[in-house]
Amino acid sequence: MALLALRIGHHLGLPVPRDLRRRRSRRRSLVVASGAVKAAPRDGGDAAVVWFKHDLRVDDHPGLAAAAAAEPRRPVVPLYVFDRRILAGYSDTMLELLLFALEDLKMVLKSQESDLLIGLGNAEDVVLKFVNEVQAGLVYTEEEVEYRVRNVLASVESSLSNASFTWGNAPELVVWSASLYDYKNPRELLTSHNKFLKEKLPMITPLAAAPLPALNVEIETGSLPTLEELKGFLKESRTSEDNWVHLKSTSAKSILRKTLSQIKVKIGAASSDSDGGEDITAYYGTSGRKIQNSMFASESSIQVRGGTEITSDALAAYLKYLEGTGKANWQELHDKVRLTETRDGASFCILFGPALQLGVISRRRVYHEAIQYERDRNAGFISPFGYSTPTVTAAVDAICSMEWYWLLALKSQVCSEGNYPVKIWRWKGHLIQYTSVGHEGPSVLLVHGFGASLQHFRDNVGAIADQGCRVWAVTLLGFGKSEKPNINYSELLWSELLRDFIVDVVREPVHLVGNSIGGYICAITAGVWPSLARSLILLNTAGSVVPSYSFIPLSEEGQSSWFSRLQARLLLLFLRSRAGGILKEYYPTRTKRVDKSLMDEIIRAVSSNHTVYLAWI
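To convert a position in the sequence shown, counted from 1, into our numbering, add 549.
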């Protein structure tokens, strides 16, 4: 079975490009899919299966549009599979939002005389089952950058390749994406954000929802599980390697508060049982009012729920925040904006992050709506000096940042950029870069310091693995080529990232090795969750590691001031000009290790986004 590359260009009928890349030696894969569609050729069955994963929408869906455009009478079969590997890391809140989104998607498809087929189990088994039942010649699915989900795609591909089909050749797996930028080849993407922006690649207009043919096939569509049924299914799917999942249920802050209260340390803040994020909802009073057409699952929720229609309405309310409103549900969203705006622009990611992760609305649809609103406000004019409202600025900045780090992640998956394979893990919706080397022996996790990345250990990973270890190195959120969302960064946030990385990725206790502030974060992780650490090794560590003392701030951070933002920018200028000299002063015995490769990566990282530096000023 061939893996097709669907390059979706600006105009219907553009040919599939010849510059396809290899995923494996005998398969073809995509370059990129973007605007209007061209159907893929086929010589197998009649139907086309559209396998949804993180693209739970009909609007701006290149795969669905391509399937519908192929042949007027071809059956288009939408499918969603509850696969534990794809849902790994989802919190109970995310699972609930997923069910809201799927319920809406199913309703929208039914309104077009179609439906959403539901399967539970391993995707390779479920997809093969439905392909056989509908006699599909094509399977459309979105490109992925996460290592675990890419492995699921590979398993589906292998399952279809190795099966035999009575109606003809094996189905072709068509992979698409909905990129914001019209680029030619991910291999050729620049890794410098400044240079990338100077290229001024054209933006792609989102697609309108494609009309679908009626689903005239006799097949059991299945029903959506309840939240409790879904949680039970995922719990039953766990293996012995998942014994530490329960550790993720309580935040570091809650554990520390409980510990400090037991030794009668006055912390001056209420206890929190959140799942690791900022305890914003604790400050939201219960008014008891019923909001008609609410955009939230409950009064205390701070994430927009539902499908594309609700999310689009919420986006309109968000963008028009300064205009005020008489609508009760818009006013509710405006209240949430004030609640979650803990720093300039932070409210957007908190409110819309889950919807974007689930693909309820596409990144380029958000970008298009924000820019269109800006034009409407300014008689069609876009100022080169910035946008006219903070909500447009927040939405555009967040979308462009998400797109940039998705492109970096994609490039790292299609071409080798170092001595070791780069893998991507999604944590709380954000893309995290890591690597792993070795197949047996005890697990060692290397954690870099401030301003660095996993590249810091580029010559240590192999040497430690050669001693009989499985070695992991991770780039923390906000650093290197890991995503840099507009959030409040803290030691506890990073310690929870390490906890979840050990639980979800390594899946066994590790020897924690931390350099500089990485040592401090490792020390917190080992102290708060000791069952995850076999040992703790600190290299030139920063921060407080004295057991009887803690200066960890346990109160909520407030908004950052203009003065702190100015300080962050001045710090960046200083680091760019003095980074090499500073590193040589800190590591005087082997100054030759401060080489061009290390310096280029540090400068590239701090030039692309200064969010984390602002957060620490």
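Glycine included, C-beta positions come from ideal geometry on N, C-alpha and C.
Distance CB(residue 853)-CB(residue 863) smaller than 8 angstroms: yes
Where residue 871 falls, given that 16 or more other Cβ within 10 Å makes a residue buried: exposed
Beta-carbon proximity of residue 980 to residue 958, cut-off 8 angstroms: yes
One or two residues paired with residue 730 in a DSSP bridge: 752
Nearest-angstrom beta carbon gap, residue 909 and residue 922 [assumed within contact, 8 angstroms]: The Cβ separation is near 19 angstroms, so there is no contact.
Residue 972 in three-state terms, based on DSSP: strand
is_contact[residue 1027, chain D] using C-beta, thresh 8 angstroms: In the displayed structure, chain D is absent; only one protein chain is listed.
For residue 865, the three-state DSSP class (helix, strand or coil): helix
Three-state secondary structure (DSSP) of residue 1168: Since the displayed the chain opens at 550 and closes at 1166, residue 1168 lies outside it and no answer follows.
Residue 1130 to residue 1038 span [Cα, whole Å]: 27 angstroms
Exposed unless 16 or more other CB atoms sit within 10 angstroms - verdict on residue 656: exposed
According to DSSP, residues forming a beta bridge with residue 1043: Answer by DSSP bridge pairing: none, since residue 1043 is not bridged.
Cα-Cα separation between residue 1079 and residue 793, rounded to whole angstroms: 11 angstroms
Beta-carbon proximity check, residue 661 vs residue 756, cutoff 8 angstroms: no
CB contact flag (residue 1040, residue 1073, <8 angstroms): yes
Contact check, residue 962 vs residue 694, beta carbons under 8 angstroms: yes
Cβ-Cβ separation, residue 973 to residue 696 (assumed contact under 8 angstroms), whole Å: 6 angstroms
Test item: CB-CB of residue 855 and residue 650 under 8 angstroms: yes
Run of the beta strand (DSSP E) containing residue 909, from where it starts to where it stops: Note, residue 909: premise wrong, no beta strand (DSSP E); not H, not E.
Cα-Cα separation between residue 919 and residue 843, rounded to whole angstroms: 22 angstroms
Own chain residues within Cβ distance below 7 angstroms of residue 969, not counting five before or after: 984, 986, 1010
Chain-order list of residues whose beta-carbon lies under 7 angstroms from that of residue 1046 (same chain, five-residue window excluded): 976, 1025, 1026
CB of residue 742 within 8 angstroms of CB of residue 953, strictly: yes
Short Cβ contact (8 angstroms threshold) for residue 1053 with residue 638: yes
Distance, residue 614 Cα to residue 685 Cα: 17 angstroms
Residue 849 versus residue 603 - alpha carbon distance: 25 angstroms
Residue from 991, 1003, 1033 with nearest C-alpha to residue 1016: 991
Alpha helix (DSSP H) segments (min. 4 residues) lying fully within the stretch 760–813: 776–785, 801–811
Sequence-distant residues of its chain with Cβ nearer than 7 angstroms to residue 912 (five each side left out): 729, 905, 948, 951, 952
C-beta contact flag for residue 1006 and residue 1065 at 8 angstroms: no
Meets three-Cβ-pair contact criterion under 8 angstroms: the stretch 658–678 and the stretch 622–637: yes
Under the three-state DSSP convention, the category residue 988 falls into: coil
Residues sharing a beta bridge with residue 597, DSSP: 625, 687
DSSP beta-bridge partners of residue 1004: DSSP lists no partner for residue 1004.
Buried or exposed (CB count within 10 angstroms, at least 16 for buried), residue 795: exposed
Contact set for residue 1048: own chain, Cβ-Cβ below 8 angstroms, skip 5 residues either direction: 796, 797, 801, 1074, 1077, 1078, 1081
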